[in-house]
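Notes to accompany the following structure.
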Amino acid sequence: MKPKISIFWFRRDLRLEDNVGLYHALSSGNKVLPLFVFDTDILENLDADDARVTFIHEELTRMHRFLSEVGSSLFVRRGKVTEVFKELLDTFDLQEVYVNRDYEPYATQRDAEAKDFLSLMNVPLLSFKDQVIFETNEIVKQDGSPYKVYTPYSKKWLSQLSETFYACFTTSDLLENFYKFTSNLISLEEIGFRPSAIKVLPFNTSESMVNGYEGTRNFPGVQGTSRLSPHLRFGTVSVRKCVQNALKSSNTTFLKELIWREFFMQILWHFPKTVLCNFKPKYDGILWRNNQKEYQAWCDGNTGYPIVDAGMRELNSTGFMHNRVRMITASFLCKHLLIDWRWGEMYFAKKLLDFDLAQNVGNWQWVAGTGCDAAPYFRIFNPTEQVKKFDKDFAYIKKWVPEFQELTYVLPIVNHKEARERCLKTYKEGLNNN
DNA sequence: TTTTGAGTTGTTCGA
DNA sequence: GTCGAACAACTCAAA
């Protein structure tokens with residue numbers, strides 16, 4: 395007789411507390427097997443020491459230890475999703491599979507295939523909203539179509555927000571409902587990876603952070619931001635708790651950043667083509683220079699502009715970059731070097747611990763001027779002026795570019811004034827080509 | 001349907 | 001040093 399169970403399938407929601415799908419699984423009446431799949435379709439594109447895989451493995455280890463205290467375990471496999479479900483169907487009398495919805499194009503397709511496969515076996519795949527406060531079609535214009543401009547979107551989002559949308563789903567009194575079994579957690583080596591030295595830092599959503607956020611968030615040399623992004627990416631924090639913390643302050647600047655996250659998520663969901671295409675096709679005519687050597691200098695943090703170099707070096711050595719500096723480095727790549735935003739998007743995707751397709755594509759297109767509600771193309775960040783405004787005492791620059799000396803730093807690979815004029819000319823010509 | 005107002009994060013120039 | 005305008009017109013959202 396096969397054991398009768400349901401499954402909760404973890405993906406980007408690596409926590410046991412305030413997890414909507416898990417809450418419903420544990421409340422369903424069946425014993426719940428917690429599952430994680432190292433999806434080989436995703437792994438095959440990553441380096442063997444990818445820091446995000448290390449982080450996922452560490453978080454799984456943490457959950458596994460916690461579950462063993464209640465007599466359960468995490469069931470972890472490496473492979474293709476349908477193959478793993480085949481194994482599970484052979485072993486168990488599967489009742490239901492619970493997941494939290496994932497909105498990226500790859501995930502949507504993967505889940506549709508899993509749902510089809512499971513339904514052939516008469517096993518329903520039940521999905522829940524967990525990753526966001528409002529998803530896909532919950533914040534739309536009066537005619538039902540999606541917003542393409544942030545401000546009206548954020549107003550609607552705020553007007554619809556009420557406690558029911560950020561109430562927590564407590565699982566602490568349901569832990570007895572995990573299926574009891576013991577297993578050893580698969581090691582990082584067994585999935586073909588090795589540990590990275592790069593670590594995700596803890597987040598800070600304290601009241602003082604939220605209150606001070608507006609005043610300090612733009613200074614990369616100051617610890618003025620929450621460092622939430624990788625945790626929101628992998629679900630090691632719940633967005634409902636983040637919103638609760640944000641609402642402790644009367645200042646909504648921090649909350650608005652959480653709304654930006656959902657804005658770009660719904661943009662990607664409605665316009666998945668924008669992963670590869672300009673959101674505004676009138677920019678398709680831009681003749682990017684795409685100089686390989688300059689691209690490499692940008693990647694390595696050797697552009698001769700200290701704030702750009704500091705940012706890229708922070709990214710390369712920590713998997714993180716301060717948001718102000720993300721704008722400066724991205725603007726420099728697209729506008730000073732005239733390198734296609736997709737090249738930069740790809741590089742950030744490889745390096746960022748908090749890489750999220752919707753955010754990365756949305757923000758790169760914003761900087762490049764090709765996106766919805768984007769910065770106007772003639773807005774070209776001046777890397778020297780930005781230092782004067784946001785890193786006046788060179789605290790950030792000196793941290794990441796220790797050899798920096800104000801008067802003797804290596805020569806810039808492009809002259810700002812010339813690059814600026816070249817950019818305006820190229821964009822104008824590109825617009826006329828369309 | 002037409003009209004109106006507004007639009008994340010900036011820089012430069014010239015008065 | 002400070003301030004407002006120009007950058008370039010355009011698209012979006014809502015009345």
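What the first sequence shows, in my numbering, is residues 395 to 828, in sequence order.
Beta carbons: idealized from backbone N, C-alpha and C, even for Gly.
#1: In chain order, what residues of the same chain have a beta carbon less than 6 Å from the beta carbon of Ser725, not counting five sequence neighbours either side?
#2: With burial defined as no fewer than 16 other Cβ atoms inside 10 Å of the residue's Cβ, what is the status of Lys822: buried or exposed?
#3: Do you know offhand how far Val414's Cα is from Asn494's?
#4: Helix or strand or just coil, what does DSSP make of Ser521?
#5: Can you have a look at Lys811 and say buried or exposed, based on whether 16 or more other CB atoms are within 10 angstroms of its CB?
#6: In whole angstroms, what separates the C-alpha of Met603 from that of Cys562?
#7: Hey, how far is the Cα of Ile401 from the Cα of Leu468?
#8: Just the Cα atoms here: how many angstroms apart are Gln536 and Tyr573?
#9: Check this for me: beta carbons of Pro428 and Leu440, under 9 Å apart or not?
#10: Just confirm the distance between the C-beta atoms of Phe449 and Leu747, as a whole number of angstroms; I'd bet it's less than 8 Å.
#11: Taking the CB atoms as reference points, tell me whether Gly629 and Leu437 lie closer together than 9 Å.
#12: Which whole runs of the beta strand (DSSP E) in the stretch 489-547 are 3 residues long or more, in chain order?
#13: Would you kindly check if the distance between the Cβ of Tyr560 and the Cβ of Lys550 is under 9 Å?
#14: Can you confirm whether the stretch 657-664 touches the stretch 702-722 when touching is taken to mean that 3 or more C-beta pairs between the two stretches lie within less than 8 Å?
#15: Do Ala743 and Leu751 count as a contact pair if the criterion is CB distance below 9 Å?
#16: Assuming Leu429 is part of the beta strand (DSSP E), what are its boundary residues?
#17: Just mark Asn639 as buried or exposed, buried being the case when its beta carbon has 16 or more other beta carbons within 10 Å.
#18: In the stretch 750-825, which residue ranges form an unbroken alpha helix (DSSP H) of at least 4 residues, counting only runs that do not cross its ends?
#19: What do you reckon, are the CB atoms on Ser422 and Tyr492 nearer than 9 Å?
#20: Please state whether the Cβ-Cβ distance between Asp734 and Asn696 is less than 9 Å.
#21: When the distance is taken between beta carbons, is Val543 closer than 9 Å to Leu662?
#22: Hey, would you say Val637 sits closer than 9 Å to Pro700, going by beta carbons?
#23: Any chance you could list the alpha helix (DSSP H) runs of at least 4 consecutive residues sitting entirely within the stretch 457-489, in chain order?
#24: Can you tell me whether DSSP reads Ser400 as helix, strand or coil?
#25: Tell me which same chain residues have a C-beta within less than 8 Å of the C-beta of Lys361, skipping the five on either side of it?
Inspection of the coordinates gives the following:
#1: Cβ neighbours of Ser725 beyond the five flanking positions: Val761, Phe775.
#2: When all chains shown are included, Lys822 counts as exposed.
#3: Going from the Cα of Val414 to the Cα of Asn494 covers about 7 Å.
#4: Secondary structure at Ser521: strand, using DSSP grouped into helix, strand and coil.
#5: By the neighbour-count rule (16 or more Cβ atoms within 10 Å), Lys811 is not buried but exposed.
#6: Rounded to the nearest whole angstrom, the CA to CA distance from Met603 to Cys562 is 22 Å.
#7: Their backbone Cα atoms lie some 11 Å apart in a straight line.
#8: Distance between the alpha carbons of Gln536 and Tyr573: 46 Å.
#9: Going by C-beta atoms, Pro428 is not nearer than 9 Å to Leu440.
#10: That pair is a contact at about 7 Å.
#11: Cβ atoms of Gly629 and Leu437: not closer than 9 Å.
#12: Entirely contained in the stretch 489-547, the beta strand (DSSP E) runs reaching 3 residues are, in chain order, 519-522.
#13: Their beta carbons are not under 9 Å apart, which means Lys550 does not touch Tyr560 by this criterion.
#14: By the Cβ rule, the stretch 702-722 does not count as touching the stretch 657-664, because fewer than three pairs are nearer than 8 Å.
#15: Judged by beta-carbon spacing, Ala743 lies within the 9 Å limit of Leu751, meaning their Cβ atoms are closer than that value.
#16: DSSP places Leu429 inside the beta strand (DSSP E), whose first and last residues are 425-433.
#17: Buried is the call here.
#18: Segments of the alpha helix (DSSP H) lying fully in the stretch 750-825: 751-762, 777-784, 789-794.
#19: Result yes, Cβ atoms of Ser422 and Tyr492 sit closer than 9 Å.
#20: Asn696 is positioned such that its CB atom lies no closer than 9 Å to that of Asp734.
#21: No, these two residues do not count as a Cβ contact at 9 Å.
#22: Not closer than 9 Å, so no.
#23: Taking only runs of at least 4 residues, the alpha helix (DSSP H) segments lying wholly in the stretch 457-489 are 475-485.
#24: In this structure, DSSP gives Ser400 an extended state, which the three-state scheme calls strand.
#25: Residue 361 is absent from the model: the chain starts at 395 and stops at 828.
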